[in-house]
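Numbering (my numbering), first residue to last: 18 to 280.
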């Protein structure tokens, strides 16, 4: 039954693009795409064989499911317009850090489908191993969302808005901050004429390791060993890059303190 749902995608960004294609690959029908930007809306709609609009007033009505994948600030701003005229439809957002109440203030059939992954339009990912966290105002809608999510992945969980915020914060540390460290590493290497590609094997092994041991047990490096001589040398090497030097000191202190706290 759920594959007969007519779906409208509100948003055409990184997450929206990946989710829309994943749903279509599982046989779901995406009828329309909305984006404030015509190019984004048109590109995704053409790829899906759907119509598109840049006006919320032109959203197709009478559809069974509306998937909202917008920036947090846009979601908060546009929630009243998004919910207008959709009293009988299920409206679901995909944000990790926004409460379901943002939609619940304007309707009874609302929910959240939050895939915890980093997404890019240029690199479509497989949902088969991605955890999806669900929340819904009504029991029947939670069952429907579980049925839909289960077509994408076996890792389907329930999480309320407060739990989801904690997941999102943890993901910022695990993904966004980790990736920023890659950026800093790349900038440092570029300064000295060295290729960032030399880090890829190390990054891959570091990431793979935490599949089998805890992050704390996998930690290596001078701070983990409390090697003060090496750390002092590194800090001196960063004298002409004071911001990077401060980050090095802060993270090294955190690693050292964490090892001490867990002895």
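Just so you know, even glycine gets a beta-carbon here, dropped at the ideal spot from N, CA and C.
Looking at 98, 168, 30, the one whose alpha-carbon comes closest to that of residue 42 is 168.
Between residue 172 and residue 147 a beta carbon distance of about 7 Å is seen, short of the 8 Å cut, so the two are scored as contacting.
In this structure the region 19-39 lies against the region 136-143, because at least three pairs of beta carbons, one per stretch, are closer than 8 Å. Within the region 141-203, the complete alpha helix (DSSP H) segments at least 4 residues long are 156-169, 178-188, listed from N- to C-terminus.
Burial is judged here by how many other beta carbons sit within 10 angstroms of a residue's own beta carbon; residue 132 has at least 16 and is buried.
As DSSP reads the structure, residue 110 sits in a beta bridge with 85, 129. The Cβ neighbour count for residue 78, taken over all protein chains shown within 10 Å, is under 16; the residue is labelled exposed. Looking from the CA of residue 268, the closest CA among 222, 236, 220 belongs to 236.
Under the DSSP assignment, residue 53 falls outside any alpha helix (DSSP H); it carries neither an H nor an E label. In this structure, DSSP gives residue 46 an extended state, which the three-state scheme calls strand. Taking a cut-off of 8 Å on C-beta distances, the region 71-87 does not touch the region 201-211, as fewer than three cross pairs fall below it. Residue 276 is not a Cβ neighbour of residue 231, given a cutoff of 8 Å. Apart from sequence neighbours up to five positions away, the residues of its chain that approach residue 264 with a beta-carbon distance below 8 Å are 201, ordered along the chain.
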